[in-house]
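Just so you know, we're using the working numbering here: the sequence shown kicks off at 31 and counts up by one.
We put the beta carbon where it would ideally sit given N, CA and C, even for glycine.
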Amino acid sequence: MTDVLLPARVGVLGGGRMGAGIAHAFLINGAEVVVVEANDDAGAAARDRVESAVAKSIERGLPEGDYAARLRVSTDYAAFADRDLVVEAVPEVWDLKIESLRNVEERLGEDAVLASNTSSFSVSGIAEQLRRPGRFLGLHFFNPVPASKLIEVVIGKQTEEALVADARAWTEALGKTPVVVNDAPGFASSRLGVAIALEAMRMVEEGVASPDDIDNAMVLGYKHPTGPLRTTDIVGLDVRLGIAEYLESTLGPRFAPPQILRDKVAQGELGRKSGRGFFDWS
31 MTDVLLPARV
41 GVLGGGRMGA
51 GIAHAFLING
61 AEVVVVEAND
71 DAGAAARDRV
81 ESAVAKSIER
91 GLPEGDYAAR
101 LRVSTDYAAF
111 ADRDLVVEAV
121 PEVWDLKIES
131 LRNVEERLGE
141 DAVLASNTSS
151 FSVSGIAEQL
161 RRPGRFLGLH
171 FFNPVPASKL
181 IEVVIGKQTE
191 EALVADARAW
201 TEALGKTPVV
211 VNDAPGFASS
221 RLGVAIALEA
231 MRMVEEGVAS
241 PDDIDNAMVL
251 GYKHPTGPLR
261 TTDIVGLDVR
271 LGIAEYLEST
281 LGPRFAPPQI
291 LRDKVAQGEL
301 GRKSGRGFFD
311 WS
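Structure representation (structure tokens):
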């Protein structure tokens with residue numbers, strides 16, 4: 031555990047699975063963290079997620095510490111006023127992201143850094159909607175955050191050069207590896223991951239093989255930790271559909287979502303969070 035290279039005061043907007051994971055990462059490495067949620071119930075659920083993740087880390091050998099004392103949950107954007115860094119982790123809906131990031135930026139000090147955990151939207155495009163685009167970048171964490179060793183550092187056209195070095199240092203201080211990517215649709219990870227997943231879905235659609243066998247081909251043959259279809263279930267089929275539609279609009283028809291994906295989302299089969307996707311999670 032280290033806090034030498036991390037911002038001392040970190041904020042996270044959104045305490046869902048990803049936001050809680052991001053809060054946990056900074057918290058166990060020494061930062062004072064505030065999570066802002068939409069209402070008291072969502073805030074209580076966010077606190078439970080973070081504290082549960084910390085407890086599991088302690089079970090795996092993390093030293094006991096004052097983690098609970100350094101975690102605060104609020105429903106007020108004003109809680110971000112003294113933050114050195116705020117990471118936005120709201121759903122992948124463009125208007126929601128822009129509105130949320132603007133609301134955060136209004137509360138931040140001039141030197142504070144604002145980051146988005148977006149997995150697909152243009153960082154440069156988001157930055158154009160903000161007052162201080164030079165102090166903004168993408169920090170794309172991976173699900174589940176505690177287990178993942180990767181953070182994609184996405185550099186917008188306006189991002190200050192010194193901020194790139196800072197983001198690399200923060201990533202390493204969290205015990206993770208930075209992959210620095212210039213802003214492009216889907217960056218590196220989502221673009222490649224979605225391409226493989228969409229092809230796997232087409233193979234299911236065409237009756238080439240079962241979801242289990244397709245995934246096992248990638249796990250056993252290519253050493254992927256989980257196959258593309260199980261990963262889609264974990265990420266959420268609705269999330270994958272939104273990313274695919276965005277990539278189709280920016281990169282062309284090779285990212286067109288297969289009908290099986292549209293059908294499953296329409297039927298409420300969203301993956302692990304709904305109990306069923308390409309696999310049964312009930």
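Per DSSP, what kind of secondary structure is residue i in: helix, strand or coil?
i    : result
F151 : coil
L25  : Residue 25 lies beyond the stretch modelled for the chain, which goes from 31 to 312, so this question has no answer here.
D243 : helix
I58  : coil
P208 : strand
G257 : coil
D33  : Note on D33: pLDDT 41, under 50, position unreliable in the model; no value is reported.
V65  : strand
S220 : helix
S146 : strand
V42  : strand
L228 : helix
G168 : strand
L92  : coil
D114 : coil
D310 : strand
V84  : helix
Y97  : coil
D78  : helix
A286 : coil
D71  : helix
D263 : helix
Go ahead and label residue i buried or exposed: buried means 16 or more other beta carbons lie within 10 angstroms of its beta carbon, across all protein chains shown.
i    : result
G237 : exposed
D268 : buried
K127 : buried
T207 : exposed
K187 : exposed
Q297 : exposed
P255 : exposed
V34  : Residue confidence for V34 is low, a pLDDT of 45 falling below 50, so the modelled location carries little weight; the figure read from the coordinates is stated next. The residue is exposed, with fewer than 16 neighbouring Cβ atoms inside 10 Å.
H283 : It should be noted that the sequence gives Pro, not His, for residue 283. With fewer than 16 Cβ atoms within 10 Å of its Cβ, P283 is classed as exposed.
L144 : buried
S149 : buried
T32  : Note on T32: pLDDT 40, under 50, position unreliable in the model; the coordinate value appears next. Looking at its Cβ environment, which holds fewer than 16 other Cβ atoms inside 10 Å, T32 is exposed.
R90  : exposed
Just to confirm, are residue i and residue j a CB contact at a threshold of 7 Å?
i    : j    : result
G272 : E122 : yes
V134 : L43  : yes
I52  : S87  : no
G216 : G266 : no
V183 : A197 : yes
F313 : D263 : Because the chain spans 31 through 312 in this model, residue 313 falls outside it and cannot be assessed.
L101 : V63  : yes
M231 : I156 : no
Over the uninterrupted alpha helix (DSSP H) stretch that includes residue i, give me the two end residues.
i    : result
V238 : Neither: V238 is in no alpha helix (DSSP H) and is coded neither H nor E.
A130 : According to the sequence shown, residue 130 is Ser rather than Ala. Residues W124 to R137.
E275 : L267 to L281
V120 : V120 -> no alpha helix (DSSP H), and no H or E assigned at all.
E16  : The structure shown does not extend to residue 16, since the chain spans only 31 to 312, so no value can be given for it.
E182 : First-last for E182: L180 to I185, but that is the beta strand (DSSP E), not the alpha helix (DSSP H).
L160 : No alpha helix (DSSP H) contains L160, which DSSP labels as neither H nor E.
R292 : Q289 to A296
Considering residue i, what are the terminal residues of the beta strand (DSSP E) in which it resides?
i    : result
S304 : Per DSSP, S304 belongs to no beta strand (DSSP E) and is neither H nor E.
R102 : L101 to S104
Under the assumption that residue i contacts residue j (Cβ atoms under 8 Å), give the Cβ distance between them as a whole number of angstroms.
i    : j    : result
G45  : A75  : 7 Å
E228 : V209 : Residue identity differs from the one stated: residue 228 is Leu in this sequence, not Glu. Incorrect: roughly 22 Å between the Cβ atoms, too far for contact.
N147 : I185 : Contact flag wrong, Cβ pair sits at about 15 Å.
R113 : L131 : Their Cβ separation, rounded to whole angstroms, is 14 Å, which puts R113 and L131 out of contact at 8 Å.
L115 : A142 : 7 Å
V65  : V80  : 7 Å
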